[in-house]
Every structure is written in structure tokens, then in C-alpha cells.
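As given, the protein sequences belong to chains A and B, one line each in that order. Using numbering that gives the first Met the number 0, the letters of the first sequence correspond one by one to residues 0 to 191. Using numbering that gives the first Met the number 0, the letters of the second sequence correspond one by one to residues 0 to 191.
Number of protein chains: 2
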Amino acid sequence: MPSDSSSATPRDRLLDAAGELFYLEGVHVGVDAVCKAAGVSKKSMYQVFRSKDALIAESLTRVGVEFLAALVPSGRDERSPRERILHLFERQDQMSELKAFRGCPFVNTATELKQADHPGSVVARAFKQQMTDFFRTEAIAAGIADPAVLATQLTMVFDGASAMAVVRAQPLGGAGVAMASAVLSASVLHER
Amino acid sequence: MPSDSSSATPRDRLLDAAGELFYLEGVHVGVDAVCKAAGVSKKSMYQVFRSKDALIAESLTRVGVEFLAALVPSGRDERSPRERILHLFERQDQMSELKAFRGCPFVNTATELKQADHPGSVVARAFKQQMTDFFRTEAIAAGIADPAVLATQLTMVFDGASAMAVVRAQPLGGAGVAMASAVLSASVLHER
Chain A
0 MPSDSSSATP RDRLLDAAGE LFYLEGVHVG VDAVCKAAGV SKKSMYQVFR
50 SKDALIAESL TRVGVEFLAA LVPSGRDERS PRERILHLFE RQDQMSELKA
100 FRGCPFVNTA TELKQADHPG SVVARAFKQQ MTDFFRTEAI AAGIADPAVL
150 ATQLTMVFDG ASAMAVVRAQ PLGGAGVAMA SAVLSASVLH ER
Chain B
0 MPSDSSSATP RDRLLDAAGE LFYLEGVHVG VDAVCKAAGV SKKSMYQVFR
50 SKDALIAESL TRVGVEFLAA LVPSGRDERS PRERILHLFE RQDQMSELKA
100 FRGCPFVNTA TELKQADHPG SVVARAFKQQ MTDFFRTEAI AAGIADPAVL
150 ATQLTMVFDG ASAMAVVRAQ PLGGAGVAMA SAVLSASVLH ER
């Protein structure tokens, strides 16, 4: 959520502007554009962030926390692991209907940076792992024999669905939910 | 494959250089860098290509033909549809071991451009559809009840596997092949 720009610190305004511009237009957007959107001078920016690379990494951290919070059901609840997993794919499906949807910010950042050791790629990898870990925790709760494999597969479904929405420039229309559901059913099937 | 630079036309050299640089570094690479790599003046470049957008679209077309040729088994052969589909995922697995692997050029281009109507995004969408059409043709040959659904699912597996290799910066180690195989088995299962 953008902070109230009148009271937000330059650091907050820079993180919000960078997070939004890097997601909507790509990490190659220049610091000039970010500073302009944030209403902060370039000199001030470099007093707060060591480099553009640091700004990419820190703004992705902020975007990532919000993105995961919007997808992952919080804490434990009454629902089954299967329902909690499908909740995530239903949220992705809803997101894909938004005009501002550009896919998964973690995959996008890694794809755009193309440098595995860039601070932004490191942050992207860590957040993507958090999503995989959520799937794994639910798979363990469901008593699946190989939770790590299911977690990897569900991560692939999520990223494959994101890619489909981006490439086709269309909402998912339930395709990701349906596939996640099929993968979960096949996984339970193998248990029997 | 890079053409012999001594005999290749400026157009060929520009397409090769652009295809390689856009894939390895991203479509935001400037035309100056492309022209330098191709050994062609910027003036000459704009005599051959109307715009950078046209260069992106045309170089992706060349890259795309090679990428699909490396993945899709040619014509009909002795193998079953299942084997022909898994061939594509085995080739992706091998590609992911290459140091120069950056994922799927079609998904990457659409992700980086972030404009559905950009000529490069249009080319990316058309090539991705060719991959989905290959899956669909094989699914029909295998007598699957809903070949379009299976084709979409296999496309998601391919793109999800690409994303995993890029985000983790690791070879796939069979993860994409295993998931495609599971999806195919589940699909046949539903037929029974």
C-alpha cells in the first residue's frame, strides 16, 4: 500500500515508488524516474540507498511481503491443507484479472536481472522459497508421503500460471486453480 | 547459430546479435550495444529495421524458430505421443544445464516488455501457442478426452520449470520431466 506521501519518509516514498515502477515497468527503469515518482532528489536517494541494486533488493522485499500476504492464508484455520493451498491459487486467479497484474514479482525480477548473485535475485529466490515452504508445510499437514516434491510441483504450477497470464495477456479464468487441484488429487491418489 | 560474420548480411548480423543480447541480458539492451556487437552502424540498422521494437520482434522470431526446433521432435516418428512430449521436457532439462540458459525466450520477452500489444509480445504469444499446439496434437494422437486442457497444463509445467531454473539458478535435475510425466499419467488415469 502506498504510504501517505505527505508524512512518509523519503526512504518509504522511494521504496513505494521503486516497488511499483519496477513491477509495472521492469527493474531497468532508471533511478531518475524512481526519484521523480517519489519526489526525492537523486542525491538524497544515494544517501538512503547505497546503489540502485540495493534499491531493487529492498523494494522487492517490501513488495514481496505484501504479495505473499495477499496469497498465503494466515496462521492455522479451520480449512484443510488442500483448501488452504487452493486459496493461494484462487487469490492468484483474482489477481490475474487486475489491469496492473504483471505476474510473479519474484520470477520477474530474477528473469529481468539475469544475474543469480544480484541482491535482487537473492531476495527473489528467498521469497519464492517461502512460497514453496508454505506448500511443503501444508503437504506435511496433509500427510503426503513426499511433501518436498508436491511443494516443488505446486510452485511450478503457480509460476506456469503466472507466465500464461502474462504471455496471453488474459486473466487465468481458473486454469491455475484447476491444475493445482489436479496435482493435489493425483498426489493424494499416489498415497493410496 | 551465429552466421559467419564475414559473409553474413548486416541484417543477419543484427538479428543474431540482437537475439543473443536480448536473450542473455534482456530486451532493454540498447541498440548501440546491438550495433556494436553486429559490427553495423546505427544508421545502417535503421535502414534495415524500422525501429528497435521491430528488431526485438524479428530477432525473437529467429530465436524462437531455433528454440522450438531444439525442443520439439520433428515430424512423426516411432515414438508414442507420451514419449514425444517427454522428449521436449528432457531437452529443456538439458538446456537448463547450460551456463547461457535464461529460461524461455517467449515468456522472458513478454515479461520484460510488459505491453501485450508490443510486436515482441505478439511474436512471443504466437510461439508459445505453437508449443501448446504441439502438446495438443500429441494429446489428440494419444486419444486424451480433453486435449486442450492437457496442452495448457503441459505448457504451465514447461513455464513453471523454466521459472524454477531461473529463480534457483540451478539446472532442473529432472524436476520438469518428472512433473510432465505425472501430469501425463494423471491425464491417462482420468480416461479410465
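Ideal placement from N, C-alpha and C gives every residue a C-beta, glycine not left out.
Contact check for residue 118 of chain A and residue 52 of chain A: beta-carbon distance about 5 Å, within the 8 Å limit, so the pair qualifies.
Against residue 96 of chain B, chain A offers no close residue; the least beta-carbon distance is about 14 Å (beta-carbon pairs closer than 8 Å). Against chain A, the beta carbon of residue 57 of chain B has no neighbour under 8 Å; the closest one sits roughly 19 Å away. For the pair residue 60 of chain A and residue 48 of chain A, the Cα-to-Cα distance works out to about 14 Å. Per DSSP, the unbroken alpha helix (DSSP H) holding residue 60 of chain A starts and ends at 51-70.
Residue range 118-140 is occupied by the alpha helix (DSSP H) that includes residue 137 of chain B. Exclusion of the five residues before and after residue 41 of chain A leaves 34 as the residues of its chain whose Cβ lies within less than 6 Å of its Cβ.
The shortest CA-to-CA distance from residue 98 of chain A to any of A/171, A/13, A/182 is the one to A/171.
Around the Cβ of residue 145 of chain A, a 10 Å sphere holds fewer than 16 other Cβ atoms; the residue is exposed. With a threshold of 9 Å between beta carbons, residue 102 of chain A makes contact with chain B.
Inter-residue distance for residue 184 of chain A and residue 126 of chain A is about 26 Å (C-alpha atoms, whole angstroms).
Ranked by how close their Cα comes to the Cα of residue 56 of chain A, the residues A/79, A/37, A/22, A/83 have A/22 in first place.
Residue 97 of chain A sits in coil when the DSSP states are folded into three classes, being neither helix nor strand.
Put simply, the backbone Cα of residue 105 of chain A is about 8 Å away from that of residue 122 of chain A. By the neighbour-count criterion, in which a residue is buried when 16 or more other Cβ atoms sit within 10 angstroms of its Cβ, residue 73 of chain A is exposed.
When the beta-carbon positions are compared, residue 103 of chain A and residue 160 of chain B stay at least 9 Å from each other. Contact annotation: the stretch 130-147 of chain B touches the stretch 72-90 of chain B, with at least three C-beta pairs closer than 8 Å. Residues of the stretch 122-139 of chain A whose Cβ lies closer than 8 Å to any Cβ of chain B, in chain order: 123, 124, 127. Of the candidates B/150, B/75, B/178, B/150 places its Cα closest to the Cα of residue 131 of chain B. Distance from the Cα of residue 109 of chain B is smallest, within the candidate group B/15, B/27, B/78, for B/27.
Residues of chain A with a Cβ closer than 8 Å to the Cβ of residue 154 of chain B are, in chain order, 159, 163.
Taking 9 Å as the cut-off, the beta carbon of residue 89 of chain A is found closer than this to the beta carbon of residue 176 of chain A. Under the Cβ distance rule, residue 38 of chain A does not count among the residues neighbouring chain B, no pair being separated by less than 9 Å. Close partners of residue 14 of chain A in chain B (Cβ separation under 7 Å) are lacking, with about 20 Å as the shortest Cβ gap. DSSP places residue 43 of chain B in the uninterrupted alpha helix (DSSP H) bounded by 41-47. In this structure residue 62 of chain B is in contact with residue 18 of chain B, their Cβ atoms being roughly 4 Å apart against a cut-off of 8 Å. With contacts defined by Cβ atoms closer than 9 Å, residue 168 of chain A and residue 124 of chain B form a contacting pair.
The three-state reading of DSSP puts residue 34 of chain B in helix, counting H, G and I together.
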